[in-house]
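Trainee: Residue numbers (the numbering used here): 4 to 298.
Once you've had a glance at the structure underneath, I'll fire off some questions.
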Amino acid sequence: MSTPDLNLLIALDVLLEEGSVARAARRLRLSPSAASRTLARLREATGDPLLVRSGRGLTPTPRAQALRAQARGLVEVAQAVLRPVEQQDLATLDRVFTLRVSDGFLENFGPDLLARLARTAPRMRLNFLSKADKDSSALREGRVDLETGVIEARTAPELISQALFRDHLVGVVRAEHPLAAGDVSVADYAQARHVIVTRSGRDEDAVETPFLPEGLTRRAAVAVGGFAAAVALARAADLVATVPDRHTALLREGMVSFRLPLAAPTFTVSMLWHPRLDTDPAHRWLRGCVRDLCG
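Structure (C-alpha cells):
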C-alpha cells in the first residue's frame, strides 16, 4: 500500500471549509486548475466525490461532512508539531531537572536558584548530583540535564557550553592557624599541612594540581573527595585547604583566606548541556537563571 500524500490533508481541510474550488485555490495559493486537480486526487484517495455540483455552487457529500472535523483536527495537530514551542507557563510547569554540579556550586548558588524557582516555577523540581568525574555520558544519555565545571580537552565535543564566571584558587585556614597571622611565603605554604582534594584518592590526582606551578610539592596530611569537605576540615584543624574562590565563598565564612604566594592561573567555570535540550523553553529558562545568578 502506497503512503498517502499528507499534503492533501491541508487541501481537504480548506476545500471542505470553503465549499468552493476558486476560494480554496486563493487560500492555497494555487491556480484554479491546480486546485481542481487536487480535488480530483482527493476524490481518488477517499473514493468519494466529496464536493458535488449543486446549482452554481458545490455541496459536500455525507462522507465530506464526516471528514470535515477530522481533517481540521489533524491539520491543527500537524501545525502544532511543526511550529516552535512557545514559552510555557512556568507557574504550572511540572518538570524535574537533574543538575550535576562541581563541588561548592550547590552551596554557593543553589539557595538563590531554589528561591527563584519557588517564586516563578514552584512546581519545578531540581535534583543535584555531585560531579565525581569528567565523564559526559550522563548528559548524552539524558540522565543529567545540565552540568557545571571546567571544560577540558576530553569534554565531549557535541555538548553545548556557556561560560559562567572566572575563578581562581585561594588558600584558607582557620583563624587560629599560624598562617592566618600575616603574609604567607611559598615556603610557608609548601611546608604547612594540607588537606587536598582528590576523587581517586591519589595525591597526584589532586584536582587543584593543574592550577598550581609545576614541581610544587605540598605536605599532604589528609585527602578528601570535595572542596566542601576540605574547607570543613580546615575549619576544625590546623590544615590549609586550597580551593576555588567563588565556588567556596559561603563555605569559608568566618575563616581566613589568603592569596596563594605563587603563580596560579584563573580558569573558566561553564555550564554544559546536550543539543537536544537547547531549544526546550523550560531548559532555556533554567539556563538563564543559572547564568544570571553566576554573573
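We put the CB at the ideal spot given by N, CA and C, even for glycine.
(1) According to the neighbour-count rule (16 or more other Cβ atoms, all chains shown, within 10 Å of its Cβ), is Pro303 buried or exposed?
(2) Output yes or no for whether 8 angstroms exceeds the beta carbon distance between Gln91 and Ala223.
(3) For Gly107, is the classification buried or exposed, using 16 other Cβ atoms within 10 angstroms of its Cβ as the cut-off for buried?
(4) Go ahead and pull the three-state DSSP assignment for Ile163.
(5) Taking C-alpha atoms, which residue in Glu217, Ala209, Gly218 and His277 lies nearest to Ala244?
(6) Counting only beta-carbon separations shorter than 8 angstroms, does His250 have a partner in chain C?
(7) Go ahead and pull the three-state DSSP assignment for Ile199.
(8) When you compare only the Cα positions, how much space is there between Ala183 and Gly229?
(9) Rounded to whole angstroms, what's the CA-CA distance from Cys292 to Glu217? Just pull it up for me.
(10) Under a Cβ-count criterion, where at least 16 other Cβ atoms within 10 Å of its own Cβ denotes burial, should Thr6 be classed as buried or exposed?
(11) Can you give the Cα-Cα distance for Arg126 and Ala94, rounded to whole angstroms?
(12) For Val246 versus Val173, is the C-beta distance shorter than 8 angstroms?
(13) Could you tell me how far apart the beta carbons of Ala252 and Asn111 are, in whole angstroms, since I believe they sit closer than 8 angstroms?
(14) Could you give the distance in angstroms between the alpha-carbon of Arg294 and the alpha-carbon of Val153?
(15) Under 8 angstroms by Cβ, that's how I've got Leu167 and Ser139 pegged, so tell me the actual separation to the nearest angstrom.
(16) In three-state terms, what does DSSP make of Leu275?
(17) Could you spell out the range, first to last residue, of the beta strand (DSSP E) harbouring Thr151?
(18) Please identify the residue among Leu129, Leu85 and Arg71 whose C-alpha is closest to the C-alpha of Arg98.
(19) Three-state secondary structure (DSSP) at Pro65?
(20) Considering Leu19, what are the terminal residues of the alpha helix (DSSP H) in which it resides?
(21) Rounded to whole angstroms, what is the Cα-Cα separation between Ala239 and Lys137?
(22) Considering just the uninterrupted stretch of the alpha helix (DSSP H) at Gly113, what are its terminal residues?
(23) How is the beta strand (DSSP E) around Leu172 delimited, first residue to last?
(24) Less than 8 angstroms between the C-beta atoms of Thr151 and Val104, yes or no?
Mentor: Looking at the coordinates:
(1) Beyond the ends of the chain as shown, which are 4 and 298, falls residue 303; an answer cannot be given.
(2) No, the Cβ-Cβ distance between Gln91 and Ala223 is not below 8 angstroms.
(3) By the neighbour-count rule (16 or more Cβ atoms within 10 Å), Gly107 is buried.
(4) Annotated three-state conformation of Ile163 is strand, per DSSP.
(5) Closest by alpha carbon: Ala209.
(6) No chain C is part of this structure, which consists of one protein chain only.
(7) Here Ile199 carries a strand assignment [DSSP, helix/strand/coil].
(8) Their backbone Cα atoms lie some 23 angstroms apart in a straight line.
(9) Going from the Cα of Cys292 to the Cα of Glu217 covers about 37 angstroms.
(10) It is exposed - the Cβ of Thr6 has fewer than 16 other Cβ atoms within 10 Å.
(11) It is roughly 7 angstroms from the alpha-carbon of Arg126 to the alpha-carbon of Ala94.
(12) At the C-beta level, Val246 and Val173 come within 8 angstroms of one another.
(13) With a Cβ gap of about 6 angstroms, Ala252 and Asn111 count as contacting.
(14) Our two residues, Arg294 and Val153, have alpha carbons roughly 15 angstroms apart in a direct line.
(15) Not really, about 17 angstroms apart at Cβ, beyond 8 angstroms.
(16) Annotated three-state conformation of Leu275 is strand, per DSSP.
(17) From DSSP, the beta strand (DSSP E) with Thr151 extends over Leu149 to Gly152.
(18) The shortest C-alpha to C-alpha distance from Arg98 to any of Leu129, Leu85 and Arg71 is the one to Leu129.
(19) Secondary structure of Pro65 (DSSP, three-state): helix.
(20) Asn10 to Glu21 is the extent of the alpha helix (DSSP H) around Leu19.
(21) Here the C-alpha atom of Ala239 lies approximately 30 angstroms from the C-alpha atom of Lys137.
(22) Gly113: member of the alpha helix (DSSP H) spanning Phe108 to Thr123, first to last residue.
(23) Unbroken beta strand (DSSP E) run through Leu172: Leu172 to Val176.
(24) Thr151 places its beta carbon less than 8 angstroms from that of Val104.
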